[in-house]
Amino acid sequence: MTLDLLLAAGTLALKVIFYGTLGFYLTTLGNPGALRQSVLTVGALDRWPSTALFRWRTGVRHPYSLPDPWTAPDRDGYVVVVYNHKTGEEDEVPGVLHLAKYCPTYPMWPKKRAQTKARMLRTARITLLVRVFFFVVFFLGAFAALTWLTFTHDWRWSIALGVLAVHQLAFYRANTYFVWLKWWLLLVIGIGTWVYQRGEPFETSAICVVGVVLTLAILGQWHMATSPSFERMRNMEHGPFDPRRQRKPW
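If you count by the numbering used here, then the sequence shown holds residues 26 to 275, one letter each, in order.
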C-alpha cells in the first residue's frame, strides 16, 4: 500500500513539474513584456539609416542596448556599422540588439554575414508576429483556460491561476525569467503530491500549501531581481553573485 502510494505520488509529481514548467515557459513567451520588447526592437531597427549594416558579435555590452528579459546585457548580440561622413570611416555601435537564446525565434535571426536594415526589419516583424501568436494562444489562452476550470470544474484551479498571475506579473515588472525548479521546490512538490494522494481533507491542504510556497518563491526572486541592494551586490560581484560561487540565486 505504501509503495503504491509512493509510486502514485512520484508519477503525479513528475506530471506537475513537467506541465508546470512547460506552462510557465509557453505563457512567458507570450507575456506582454516580451511582446513589448519585440515592438521596441522593430522601432529601434527602423530608426537606423537604410545604409546601416548589422554584424553579429560575441560578448557585446553597451549602456544603451535594449533590455532583454531572457539574456544579460553582456551576452552575444548585434552591432550596427554606420558610415561616418566626417571621418570617412565606419563607426561600430555595440549592443544594438540582444537575442533570447531560449526563445523559439532565436534561429530565425541570421548571424553569419553582415545584414542590411531591410533584412533585419523583416526578421524583426516576423518575430513580432510570432510573439503575437504566443500572446493570444498561450498567454491569454492559459488565463482563460484556468478561469474556465475554476468556475466550471473545481475552485482549486484558482490557486494555479494565482500562481501563474504572480509569475507573469513578476516577469513583466522585473524583466527577468524566474526559474522555479529548485531542489527544495521539487521536494515541496513531491511531499505535496504524497499528501494529496491520501485523499480529503489532505488534498485541498496540499494544493494550497504548494501554491503558497511557489508564490512566495516567485515573490522572493522578484525582490532579488529588483532590490537596489541586490543590484549593488550584482554589480560588485559580491555575495551570491560572486563568480567563484557555484550556486546562484536564480
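Think of the CB as a built atom: it goes at the ideal place given N, C-alpha and C, for glycine as much as any other residue.
Check                                                                                                       : Outcome
C-beta atoms of valine 104 and arginine 82 nearer than 8 Å                                                  : yes
Same chain, Cβ closer than 6 Å to leucine 60, neighbours up to 5 away in sequence not counted               : Arg156, Phe160
N-terminal and C-terminal residue of the alpha helix (DSSP H) that arginine 124 is part of                  : For the record, residue 124 in the displayed sequence is leucine; it is not arginine. Run containing leucine 124: none; DSSP gives neither H nor E here.
Candidates Trp219, Phe79, Leu244, Val238, of which the one nearest arginine 7 by Cα                         : Residue coverage of the chain in this structure runs from 26 to 275, which leaves residue 7 outside it and unanswerable.
Beta carbon of threonine 218 nearer than 8 Å to that of alanine 69                                          : no
Cβ neighbours of leucine 189 in the same chain (closer than 8 Å, five flanking residues each side left out) : Gly48, Phe49, Thr52, Ala167, Phe168, Leu171
Secondary structure of glutamate 114, DSSP reduced to three states                                          : strand
Residue burial classification, phenylalanine 196 (beta-carbon count within 10 angstroms, cutoff 16)         : buried
Three-state class that DSSP yields for tryptophan 182 in the structure shown                                : helix
Where alanine 97 sits in the DSSP three-state scheme                                                        : In this predicted model, alanine 97 has a pLDDT of only 44, less than 50, meaning its place in the structure is not dependable; the value taken from the coordinates is given anyway. The answer is coil: DSSP assigns alanine 97 none of H, G, I, E or B.
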